[in-house]
Structure formats: C-alpha cells, structure tokens
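Here is the structure we will look at, set down as structure tokens.
Chains as they are written, first to last, in full-length UniProt numbering: chain P, 1 to 279; chain H, 1 to 279.
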C-alpha cells in the first residue's frame, strides 16, 4: 500500500505527521494524522491510541486542539487520528452536517447510495491498523478513544473487538444512538430501517449484553448543549450496572461539548490508556 | 464602554470567554478572548498576559491551539488575546495575507487609506487594557507575548512602555522588520516611506538603543520556513549583546513556525512571565 507524507511538525520532541493513502475498503483517498512520541524514533515500538473524532471533524481537530502530545510524549504512546468519513467528489453526501461527509458514524453502510464508500467500521478496525502497524514503529497494543460521534465509535468498536483493544474511552459519546435524533438519522440512512441491524452499533445495547469486558472511561460535561437529546450517558451507565461492566463515568459541572472540555481532561484519559497498554 | 459576551467555555476550571466591543481607537467593532483562571473568580485579582497573534490570525488561534490554559490555571494568570487588525466591511484591506485585515502589525497607521482604522498600537497599549482592567477581576500587573508578527508587536510595545509591562516574550518574532519583506511592505503602507518613522517599531533597533530593560525571552524553531528571510533572530541577539539587554534567546532544532512549536514551549513562557508578574 502506498502512503504519502503531506506534513510534518515537531511537537514535544516527537512528530505530528499527516499522510494520504488510497483506501481499498473505502474506495477513495483518505488522510490521517499520527503523533509519534520521541520513544518511537529510537528503535523502540510503542503502543497506539486511536482517536475517533466527532461530526464535521477531520484528522486535524484533535491534533491541533486537545493538547494531547505533551502527555503522549511522556508516556511513549502514539496517537492516530483518522478522518470521520470517506472523502472525495464522487462520495455521496447530504446537506446536513450530521450525515454523509464528516459523519460516517464508524459503521459499514449497507444502503444505497452510501454503501459504495461508507465502510468506516472496516477501515478503523482492519485497514487502518494494518497500514499503521506495517509502516510505523508501533506494536500491536491498541486502545481507542473518541468524542461525541467518535465516542460512540470508540465504545462500539472496542466492545465488538475485545481482543483487539486494551482499553476504551470517550468524551461526550452518543451513548444510545438508537434512541436519539443523530443516531436514528444516520442508522436509517446507512443501515436501513430494520432496527435489528442497529443494535450492534449501539454502545448501551452492547454494554448491557456484554460478557467480555474492555476497561472503559467516559467523561461528560453537564453544560453540554447535546446532553439530554443526543448523548444520554444515563443509558450507558444503566447498561453498565446491568452487566457489571467496568465503566468509570464522570460528569463535570460547567463543561460543554467543545475541545476546551477535552483539553481539560485528556491527560487523565491518556494515563488511563497507558496503564492498560503497557501491561 | 459596552462589551458583549459572545461565548463561554469552561476549561481547566477557569473560563475562556469571547467578547465584542466598539473600539473608539480603531473606529470599528472588535472581538477579543480572555482566559480567566479559577483564582480570578474567587474575589482575587490576577495579573494579565497579553498575547499578540501572527498574520492571518484572530483571537481564536492561541486559545484553541497553544494549550496555555492548563498552566495559566495553575499559575493564576489571566490571558487576553486580541484580534490582529481592525475588522468590518468598511475597513481597508489588501489582497495579500500580509497587509490589511489580519495584518495590523501593532502600529498606528499614518497613511491613507489605513489611518482611519489601523491604530493597533494604541488599541493594545491603552484602550484594551483599560477595558480589561475595568471589567474583569485583574490587577495592573501586565506582561506581553506573541508569535511572528505578534512577537514583533510584543517586543516593540514592551520596549516602548517599560513601565507598563513586567516582562515580554516572543515565539519566532519578526525581529528586524525594517530589513525583511513582511516588515517593509507593512511599514511602507502604514507608516510611509520615511524610514525614520519605522525605527521605533523595530525590535532590533529598540533593543540596540535601550537604556531601560524589560526581562525578555525569545524562542525560535530552526526548521521555520521564514527564519532566514523574514525573522532574523540573529539581529535581535546582536542588538541585545550591544546594549546588554537581558534577553534569553533559544533556538530549537527541528521545530517550525506552527502552533505545534508554540504548544511545546508555552509552559516555559508562562512560568517566565509568572515569576515577573507575581513579584
């Protein structure tokens, strides 16, 4: 697989780099970003945290705004930030910000016109890690985290693949997409009207049924404008109680849905993942 | 003076807020951002670091990308980030990114069509601090820092007002604008062709002639694309040697002109200013 480096910035003694590559799974050209901590340049393979972003984002939001590199450099963890959907002129799109480009929801679409490109689940679970692990000085220890739509993606992908991820975390995740407007719109478009196909991409459903556990941490701002209608962390918490899932969930007074919230608590997430990645 | 709050985000237990106000000096409506650390909400007045941004920036770049709030919250220092030029439909502009809107260069323009609005020096030195100090729980201890064009602004403004600023610092400043294309273009437009009027806005000229000193820290990336043609830190270093100016200047191998560089070293700048602000 050919990948092309399109930018490099030294940051906290490591390197932030953007690459483009032709994705066979998504059938289009994709860009991702990687932060390689200083440890990764010294013939040492480091573990990887995958970060899944929210609606309207690209690979850039987290890398520019979260302030994660300082802690990743200390802990010796690489961070990979993929884009949030397939991209390109021939890729189907929607007028809304919450469907189509920038809104892939980390599922494999089965419905027209989406199914030709929108296979984000396979991209995140298989194709991208294969590319990362064959290209960069990283080992096969993986964790996954995300924000909002990406929090939904991180939790569902880790729970569907408990052998592949050491830990999972989310900021302000869409916790129960089957029962909120964002999730219902996206799942209807990508997966069709039969809700039987929605359940395996609903974090609360998966957590309630879980038999095998991935250590999990969730943070949510109490002044988040999307809290009540779209995010519903109480559904995730209830599901965790029902199955005994090892979920650490914390609410934070005054914090909103923005990267100002993420930047305030990203250090705790990285330290949480590092304890599981470096076992 | 009426100011209007247009956004609020909790971050590291303090508040990032954006405000708009009618500027009498600039003759237009302006937006600025302030970070109020948690100490400022407890009936305690805190000192202020003014951050001047570079070409094309607004109040948002530093607040979103530098990762400064974590340290400001620890140190109890407020940060104010003004815009980089007057704004509005009736404000003169240029096709280039390096003149006009987003490129005020922190001088008082004397030449048409710029002089009607481009009075950024008076805005930064007088009008904005008066507004800040009469509105927020801050004291009159001030420091000033900036990046690129804003590094030029911070150094020149502090050296022209040594009684008003406790310390000054810059990332990748335009160190000798009289002798680089960015500075020559802007100074010719804003100040006219007579170079006698340029000298008081040239950091290297001011530092060479200085009799009174403001503690100064400058950091520069060695892989900065603008280093040789536009920034010329060697001119500043030579000026400091000539006058015995207390300038701490450091070059950093591999770092570029971006906020990835700033984020890597902003903690050292904030700690430097805090030692002078809290005397």
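For each residue, glycine too, the CB sits at the ideal point set by N, CA and C.
- Restricting attention to P/3, P/136, P/124, P/53, the CA atom closest to the CA of residue 39 of chain P is found in P/136.
- Rounded to the nearest whole angstrom, the CA to CA distance from residue 258 of chain H to residue 206 of chain P is 42 Å.
- Residues of the same chain with a CB within less than 7 Å of the CB of residue 219 of chain P, apart from the 5 flanking positions on each side, are 171, 250, 252, 265 in chain order.
- By the neighbour-count definition (other C-beta atoms within 10 Å, threshold 16), residue 6 of chain H is an exposed residue.
- By alpha-carbon distance to residue 107 of chain H, the top candidate from H/74, H/19, H/178, H/122 is H/122.
- Sorting P/4, P/2, P/13 by C-alpha distance to the C-alpha of residue 256 of chain H places P/13 at the top.
- Looking at the backbone, the Cα of residue 261 of chain P and that of residue 262 of chain H are separated by about 20 Å.
- Scanning P/192, P/184, P/235, P/269 for the CA closest to the CA of residue 215 of chain P turns up P/269.
- Setting aside the 5 residues that flank it on each side, residue 140 of chain P is surrounded in the same chain by 133, each with a C-beta closer than 7 Å to its C-beta; the list follows chain order.
- Note that the C-beta distance between residue 50 of chain P and residue 144 of chain P is below 7 Å.
- Distance from the Cα of residue 84 of chain P is smallest, within the candidate group P/66, P/43, P/26, for P/26.
- When only Cα atoms are considered, residue 222 of chain H and residue 105 of chain P end up about 41 Å apart.
- Fewer than three pairs of CB atoms, one per stretch, sit closer than 8 Å, so the stretch 90-99 of chain P makes no contact with the stretch 86-105 of chain H.
- Within its own chain, the residues whose Cβ lies closer than 7 Å to the Cβ of residue 267 of chain H, once the five positions on either side in sequence are excluded, are 71, listed in chain order.
- Residue 243 of chain P is a Cβ neighbour of residue 210 of chain P, given a cutoff of 7 Å.
- When Cβ-Cβ separations below 7 Å define contact, residue 11 of chain P makes contact with chain H.
- Residues of the stretch 239-270 of chain P with a Cβ closer than 9 Å to any Cβ of chain H, in chain order: 252, 253, 254, 255, 256, 258, 259, 260, 261, 263, 264, 267.
- One Cα belongs to residue 10 of chain P, the other to residue 55 of chain H, and the distance between them is close to 21 Å.
- Rounded to whole angstroms, the Cβ separation of residue 33 of chain P and residue 60 of chain P is 7 Å, and the two are in contact under 8 Å.
- Bounds of the beta strand (DSSP E) holding residue 217 of chain P are 216-221.
- Here residue 99 of chain H is near residue 189 of chain H, since their CB atoms are less than 7 Å apart.
- One thing to note: residue 208 of chain P has its Cβ no nearer than 7 Å to the Cβ of residue 158 of chain P.
- Looking at the backbone, the Cα of residue 153 of chain P and that of residue 146 of chain P are separated by about 7 Å.
- With respect to chain H, the C-beta atom of residue 126 of chain P has no partner C-beta closer than 7 Å.
- Distance between residue 29 of chain P and residue 150 of chain P, taken at the CA atoms: about 20 Å.
- Residues of chain H whose Cβ lies closer than 8 Å to the Cβ of residue 76 of chain P do not exist, since the nearest Cβ in that chain is about 17 Å away.
- Against chain P, the CB of residue 16 of chain H has a partner CB under 7 Å away; the residue lies at that interface.
- Shown here, residue 44 of chain P sits in coil according to DSSP, grouped into three states, outside any helix or strand.
- In the three-state DSSP reduction, residue 17 of chain H falls in the strand class (E or B).
- Distances from the CA of residue 148 of chain P to each of P/274, P/86, P/62, P/254 were compared; the closest alpha carbon is that of P/62.
- The alpha carbon of residue 169 of chain H has as its nearest neighbour, out of H/184, H/112, H/236, H/197, the alpha carbon of H/236.
- Cα atoms of residue 118 of chain H and residue 86 of chain H: separation of roughly 6 Å, rounded to the nearest angstrom.
- Per DSSP, residue 136 of chain H lies in no alpha helix (DSSP H) and is assigned neither H nor E.
- Note that the C-beta distance between residue 78 of chain P and residue 46 of chain P is below 7 Å.
- With a 10 Å radius around the Cβ and a threshold of 16 neighbouring Cβ atoms, residue 176 of chain H comes out buried.
- Taking each of P/16, P/109, P/23 in turn and checking the Cα distance to residue 65 of chain P, the smallest one comes out for P/16.
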